[in-house]
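Chemist: Counting the sequence shown from 1 gives a position; this note's numbering is that position plus 971. Virtual Cβ for every residue (Gly too), placed ideally from N, Cα, C. In this text the structure is predicted, and so the values were computed from the model without any measurement. The structure that follows is given in the form of structure tokens.
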Amino acid sequence: MDASNLVNTERRMLRVLQDKPDSKWSLEEVLKACDWTDQAIAVGAGQGLADKQLIKLIEQSQIEVKLAPQGQLAIDNGLLEARLYTWYLESNDPSVSNLQQSFDKHEAGPGIGLLKKLGISMQAGKFHCDDNAKVEQQIAKRSEFLSALPCSQDEADAEL
């Protein structure tokens, strides 16, 4: 291929890549070696060189799991499950009506399902837990998950 058919960014990238012809370059390495800050320039030059069959591109994508606004609220205010469980432990009347009085409507409704999912059941109109250690372990696991974010999708616990 005649170098005159290359645009400046392609020429610059090709020169850098030829310094280490047997290496596999990451996008970050190409940006640094070419002294670029814009990924679009590097991707465009790389695609141009690949189209001209001067290099081979291997694309990998990475998905990042990060907190949405509700997740940040859970970190700031405490996980809803944890607040519900604390209420359950401290309540003299762990009933649905008391739960609804103790939490906002947007938390109380889903809260009943969350408590059941944790293993807290209803008996004679009151919440009841047979295994506090299991509930505490699940809450700790969920809290740790949120605290570890952001992370790659591969590192994230798929169950959570």
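#1: Hey, how far is the Cα of residue 1097 from the Cα of residue 1076?
#2: Throw me the rounded Cβ distance for the residue 1055 and residue 1028 pair, which I believe falls under 8 Å.
#3: Going by C-alpha to C-alpha distance, which of 1024, 1035, 984 and 1053 sits closest to residue 1010?
#4: Would you identify the three-state DSSP class for residue 1046, choosing helix, strand or coil?
#5: Taking 7 Å as the line, does the beta carbon of residue 1032 fall inside it for any heavy atom of the ligand MG?
#6: Which whole-angstrom value is the C-beta distance of residue 1036 and residue 1124, which I expect to be below 8 Å?
#7: Determine the contact status of residue 1017 and residue 1026, defining contact as a CB-CB distance below 8 Å.
#8: Taking the beta strand (DSSP E) that residue 1027 belongs to, which residues open and close that run?
#9: Hey, out of 1034, 1024, 1003 and 982, whose CA is closest to residue 1126's CA?
#10: So residue 1131 and residue 1038 are supposed to be a Cβ contact under 8 Å. How far apart are they, rounded?
#11: Taking the Cβ atom as the reference point for each residue, do residue 1020 and residue 1113 lie within a distance shorter than 8 Å?
#12: If you count every other CB in all the chains shown that lies within 10 Å of the CB of residue 981, and 16 or more means buried, which is it?
#13: Measuring only the C-alpha atoms, how far is residue 1111 from residue 1080?
#14: In whole angstroms, what is the alpha-carbon distance linking residue 993 and residue 986?
#15: Counting only the same chain and skipping the five closest in sequence on each side, list residues whose C-beta sits under 7 Å from that of residue 998.
#16: Under 8 Å, do residue 1091 and residue 1059 count as touching if we go by C-beta distance?
#17: Once DSSP output is grouped into helix, strand and coil, what is the label at residue 978?
Modeler: Inspection of the coordinates gives the following:
#1: Numbered from 1 along the sequence shown, position 126 holds the residue referred to as residue 1097. Numbered from 1 along the sequence shown, position 105 holds the residue referred to as residue 1076. One C-alpha to the other measures close to 19 Å.
#2: As a first step, residue 1055 is located in the sequence shown; it is residue number 84 there, counting from the start. As a first step, residue 1028 is located in the sequence shown; it is residue number 57 there, counting from the start. Between residue 1028 and residue 1055 the Cβ distance is about 50 Å, and since that is not below 8 Å, they are no contact.
#3: Translated into the one-based positions of the sequence shown, residue 1010 becomes position 39. Among 1024, 1035, 984 and 1053, the Cα nearest to that of residue 1010 belongs to 984.
#4: Your numbering for residue 1046 matches position 75 in the sequence shown. Correct three-state label for residue 1046: helix.
#5: As presented, the structure is devoid of all ligands, the ligand MG included, so that no description of it is given.
#6: To locate residue 1036, count along the sequence shown from 1; it is residue 65. To locate residue 1124, count along the sequence shown from 1; it is residue 153. Contact flag correct, Cβ pair sits at about 6 Å.
#7: As a first step, residue 1017 must be located in the sequence shown, where it is residue number 46. As a first step, residue 1026 must be located in the sequence shown, where it is residue number 55. Contact flag set, yes.
#8: Along the sequence shown, one-based indexing puts residue 1027 at 56. Neither: residue 1027 is in no beta strand (DSSP E) and is coded neither H nor E.
#9: Taking the sequence shown and counting its residues from 1, one reaches residue 1126 at position 155. Comparing Cα-Cα distances from residue 1126 to each of 1034, 1024, 1003 and 982, the minimum goes to 1034.
#10: As a first step, residue 1131 must be located in the sequence shown, where it is residue number 160. As a first step, residue 1038 must be located in the sequence shown, where it is residue number 67. Going by Cβ atoms, the distance from residue 1131 to residue 1038 rounds to 13 Å, so no, they are not a contact pair.
#11: Taking the sequence shown and counting its residues from 1, one reaches residue 1020 at position 49. Taking the sequence shown and counting its residues from 1, one reaches residue 1113 at position 142. It is not a contact, given that the beta carbons lie outside the stated cut-off.
#12: Working through the sequence shown from its first residue, we reach residue 981 at position 10. It counts as buried.
#13: By one-based count along the sequence shown, residue 1111 stands at place 140. By one-based count along the sequence shown, residue 1080 stands at place 109. Spanning the two alpha carbons is a distance of roughly 22 Å.
#14: The residue you call residue 993 lines up with position 22 of the sequence shown. The residue you call residue 986 lines up with position 15 of the sequence shown. Taking the straight line joining both Cα atoms gives about 14 Å.
#15: Within the sequence shown, numbered from 1, the residue matching residue 998 stands at position 27. Here the set comprises 1010 and 1013.
#16: One-based indexing of the sequence shown puts residue 1091 at position 120. One-based indexing of the sequence shown puts residue 1059 at position 88. Contact flag set, yes.
#17: Walking along the sequence shown from the start, residue 978 turns up at place 7. If DSSP states are grouped into helix, strand and coil, residue 978 belongs with coil.
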